[in-house]
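Quick note: the sequence shown uses the numbering used here, first residue 58, plus one each step. Don't be surprised by glycine CBs; every beta carbon is placed ideally from N, CA and C. All values reported here derive from a predicted model rather than from experimental measurement.
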Amino acid sequence: MGRLIAVVLFIAVLVPGVLLGRAWWLAAGRRAVAAGAVELVAPTPEGAAILNRQALHGRRLRRLGLLLGLAGVVASVVLFAEASVFLWVPVLAVGLLAGVLVGEATRPRPRWALSSPPRRPHQADLVSAWLVWTMRGVLAAELVTAIVLWRSGELAGAVAWAAVLVPLIAWAVAEVALLRTLVRPLPAEGADVPIDEALRTWTAHLAVAAASVLGLLPLGALLLVGGIELGNRASDGIDLRPVALVAGGFSALAAGIAVAGFLLTWLRPIRSSTPALAG
Numbered sequence: 058m059g060r061l062i063a064v065v066l067f068i069a070v071l072v073p074g075v076l077l078g079r080a081w082w083l084a085a086g087r088r089a090v091a092a093g094a095v096e097l098v099a100p101t102p103e104g105a106a107i108l109n110r111q112a113l114h115g116r117r118l119r120r121l122g123l124l125l126g127l128a129g130v131v132a133s134v135v136l137f138a139e140a141s142v143f144l145w146v147p148v149l150a151v152g153l154l155a156g157v158l159v160g161e162a163t164r165p166r167p168r169w170a171l172s173s174p175p176r177r178p179h180q181a182d183l184v185s186a187w188l189v190w191t192m193r194g195v196l197a198a199e200l201v202t203a204i205v206l207w208r209s210g211e212l213a214g215a216v217a218w219a220a221v222l223v224p225l226i227a228w229a230v231a232e233v234a235l236l237r238t239l240v241r242p243l244p245a246e247g248a249d250v251p252i253d254e255a256l257r258t259w260t261a262h263l264a265v266a267a268a269s270v271l272g273l274l275p276l277g278a279l280l281l282v283g284g285i286e287l288g289n290r291a292s293d294g295i296d297l298r299p300v301a302l303v304a305g306g307f308s309a310l311a312a313g314i315a316v317a318g319f320l321l322t323w324l325r326p327i328r329s330s331t332p333a334l335a336g
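Set out below in structure tokens:
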């Protein structure tokens with residue numbers, strides 16, 4: 058009976074990760090609509106210019122993130138020698154995701170005419186509130202888990218600091234990126250409107266996805282560590298806590314990998330195949 062309960066619990070804990078993957082699959086429809094709207098209009102010279110500027114800006118920051126990740130790999134080799142081999146992929150991933158986040162939080166402002174009186178979009182028009190609050194919940198859970206393991210002595214040194222600081226900084230940068238999509242007034246009526254909406258939609262999803270991955274993957278690793286450590290301790294009777302922690306770890310890791318896959322599809326810049334209108 059205990060084994061059956063453990064199996065049911067394991068499956069139940071995997072469900073949130075599956076639901077998150079489905080939510081990001083649905084977000085692909087929003088991407089298609091926004092990109093299609095851009096294709097239906099001839100952009101103004103200002104609209105065509107901002108598409109090129111933002112695509113170039115994003116590529117530059119992601120390359121910088123890759124270089125920082127490679128520098129981190131080299132630093133880990135110097136500090137930890139052979140043991141650093143387990144850090145190469147996480148450090149490189151953090152660098153790449155940091156480049157995505159910083160790139161979205163520092164997008165150049167468009168130079169087109171703004172609406173008068175100023176009008177601003179609602180967040181629900183750009184990104185699902187469920188995705189945003191899931192990101193916040195995951196990052197909060199990762200921070201709490203890291204602090205608990207740190208205080209219990211199961212995390213220490215640079216790993217403990219990274220487990221706390223990386224998600225915390227990612228959270229702050231993602232919130233800045235989201236805020237910038239909301240406080241900037243909408244453009245005046247015309248061909249710039251669908252371009253502006255698509256750019257905001259891209260920024261919102263890229264920021265939320267990158268921050269979610271930076272929360273989900275460390276959370277999954279921490280839950281696995283906690284579950285294995287708890288399972289190794291002798292206990293009387295049936296203890297379902299290790300099963301729940303391990304299942305939660307697998308669920309978070311699988312969800313993080315799934316969101317990373319969707320993030321790659323959002324990295325393609327917005328393009329318009331229609332020639333720009335004459336100025």
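{"Item": "DSSP-derived helix/strand/coil call for residue 276", "Value": "helix"}
{"Item": "Sequence-distant residues of its chain with Cβ nearer than 7 Å to residue 335 (five each side left out)", "Value": "Since pLDDT at residue 335 reaches only 49, below the 50 mark, its modelled position is unreliable, and no value is offered."}
{"Item": "Cβ separation of residue 227 and residue 158, assumed to be a contact under 8 Å, to the nearest whole Å", "Value": "6 Å"}
{"Item": "Identified DSSP bridge partners for residue 102", "Value": "Answer is none; residue 102 lacks a bridge partner."}
{"Item": "Collapsed DSSP secondary structure at residue 178 in the structure displayed", "Value": "coil"}
{"Item": "Assigned secondary structure, residue 125 (DSSP; H/G/I helix, E/B strand, else coil)", "Value": "helix"}
{"Item": "Cα-Cα separation, residue 270 to residue 97", "Value": "33 Å"}
{"Item": "Helix, strand or coil at residue 299 according to DSSP, with G and I counted as helix", "Value": "helix"}
{"Item": "8 Å Cβ cutoff met for residue 160 and residue 123", "Value": "no"}
{"Item": "Identity of the residues DSSP links to residue 147 by a beta bridge", "Value": "Bridge partners of residue 147: none, in fact."}
{"Item": "DSSP beta-bridge partners of residue 244", "Value": "171"}
{"Item": "Element boundaries [alpha helix (DSSP H), containing residue 340]", "Value": "Past the boundaries of the shown model lies residue 340; the chain is included only from 58 to 336, so the question cannot be answered."}
{"Item": "Exposure label - residue 258; buried when at least 16 CB within 10 Å", "Value": "buried"}
{"Item": "Rounded distance between the beta-carbons of residue 101 and residue 247, thought under 8 Å", "Value": "7 Å"}
{"Item": "Chain-order list of residues whose beta-carbon lies under 8 Å from that of residue 125 (same chain, five-residue window excluded)", "Value": "152, 155, 156"}
{"Item": "Residue 86 to residue 109 span [Cα, whole Å]", "Value": "24 Å"}
{"Item": "Residue 319 burial status per 10 Å Cβ neighbour count (16 or more: buried)", "Value": "buried"}
{"Item": "Residues near residue 149 in its chain [Cβ-Cβ closer than 8 Å; skip 5 each side]", "Value": "123, 126, 127, 129, 130"}
{"Item": "Pairwise C-alpha distance: residue 279 and residue 262", "Value": "25 Å"}
{"Item": "Exposure of residue 313, with buried meaning 16 or more beta-carbon neighbours within 10 Å", "Value": "buried"}
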